[in-house]
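Below you'll find the structure, written out as structure tokens, and then a few comments.
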Amino acid sequence: MAITLARATFGLVVFQLSMLSAFAIYNDSIWVRDVSYDDLSSLDADNASFAVKTELQCARSCQGNTSCNSFFYNSVTKQCRLQRYVFVSAANSTVSDTGSRYYRLMSGSCPLEEGYIIDRLTSTCYRPVKSPALMWEDAESVCGAAGGSLAVLEPIERLDFLYNFFIRNREFYSYKRAYMIGMSRPTGMWDSPLPGGIPDHVWVNGQPVDFMATAPYWKPGAPDSGNSGNIGIMRHGKGFLLDDAPNTQNRRYVCQKVYRE
């Protein structure tokens, strides 16, 4: 979908994108309002609220905080609530909150209409892909063609962001469904014995997986698929914790690429 956006130092931008509408603030940043959250507040929201006079001031506070990727603003109570994590569906746990509006950051490098979510802290954006499900190698090719790769979840802040995104967004809940990430055993080692019985997984950028740093995010006992645990996944049925699995079926997957202001 082609979209033309007006940009301004301060002020409203008038356009419609599905259920989204938007305004822009300084530095040409676009903050997009998700109207499916109008008059609702998420029970999974993080951070305490604080008082500001306008939504533009709330947006400016978010812009000035690299850990902030979205925010709630209530025009009745004048409360602003900055969010590290992103909400993409009102199917999540919500409560009535008259006057509340929810805004997400938009970027030309990571289009919202393509399903990207932005993490400013690590300058990364992610795209969870439900359909069509693919084999791991084909998913990596699709992500590469879009200018990125399957998700590389180190440093640990990347893994924390994607894990908490999945936990907070119920549209990705499906007990038997798993999302492939950019982790696998080294090329040429698939289905072969583990060296010394020790997992040897690497990220698609060639970086070895730091099992000590990522330990809190692994399914208990994992990686535990032995020689056949060729790829890395995150599965709702396992609380979106990391797991290893055979590359024997088409699965959903997560692409990532660099976020640019």
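In mature numbering (1 follows the signal peptide of the UniProt record, and there is no 0), the protein residues as written are -24 to -1, 1 to 237.
No residue lacks a Cβ here, since even glycine has one placed at the ideal position from N, Cα and C.
- [ ] Under 8 Å Cβ to Cβ from residue 183, same chain only, skipping five residues before and after it: list those, please.
- [x] Answer for residue 183: 128 and 130, listed in chain order.
TODO: Provide the residue span of the beta strand (DSSP E) that contains residue 143, from first to last.
DONE: Unbroken run through residue 143 is the alpha helix (DSSP H), 132 to 144; no beta strand (DSSP E).
Open item on the list: As a quick exercise: from 188, 72, 46 and 34, pick the residue whose alpha carbon is nearest that of residue 22.
Closed with: Closest by alpha carbon: 46.
TODO: Work out the CA separation of residue 221 and residue -18 for me, nearest whole Å.
DONE: Residue confidence for residue -18 is low, a pLDDT of 34 falling below 50, so the modelled location carries little weight; the figure read from the coordinates is stated next. The straight-line gap from Cα to Cα measures roughly 46 Å.
Open item on the list: What does the alpha-carbon distance come out to for the pair residue 159 and residue 122?
Closed with: 18 Å
TODO: Measure the beta-carbon distance from residue 134 to residue 98 and round it to whole angstroms, keeping in mind my assumption that it falls under 8 Å.
DONE: That belief holds up - the Cβ atoms of residue 134 and residue 98 are roughly 5 Å apart, short of 8 Å.
Open item on the list: Measuring CB atoms only, is the stretch 149 to 158 touching the stretch 194 to 211, in the sense that at least three cross pairs come out at less than 8 Å?
Closed with: yes
TODO: Give me the Cβ distance between residue 63 and residue 139, rounded to the nearest whole Å; I'm assuming they're in contact under 8 Å.
DONE: Not quite, the Cβ-Cβ distance comes to about 15 Å (not below 8 Å), so this is no contact.
Open item on the list: Quick check: the Cα distance between residue 212 and residue 190, rounded to an integer number of angstroms?
Closed with: 18 Å
Open item on the list: Going by DSSP, what residue range makes up the beta strand (DSSP E) through residue 208?
Closed with: 207 to 211
Task: Beta-carbon spacing of residue 79, residue 27 below 8 Å - done: no
Open item on the list: Less than 8 Å between the beta carbons of residue 120 and residue 170, yes or no?
Closed with: No. Outside cutoff.
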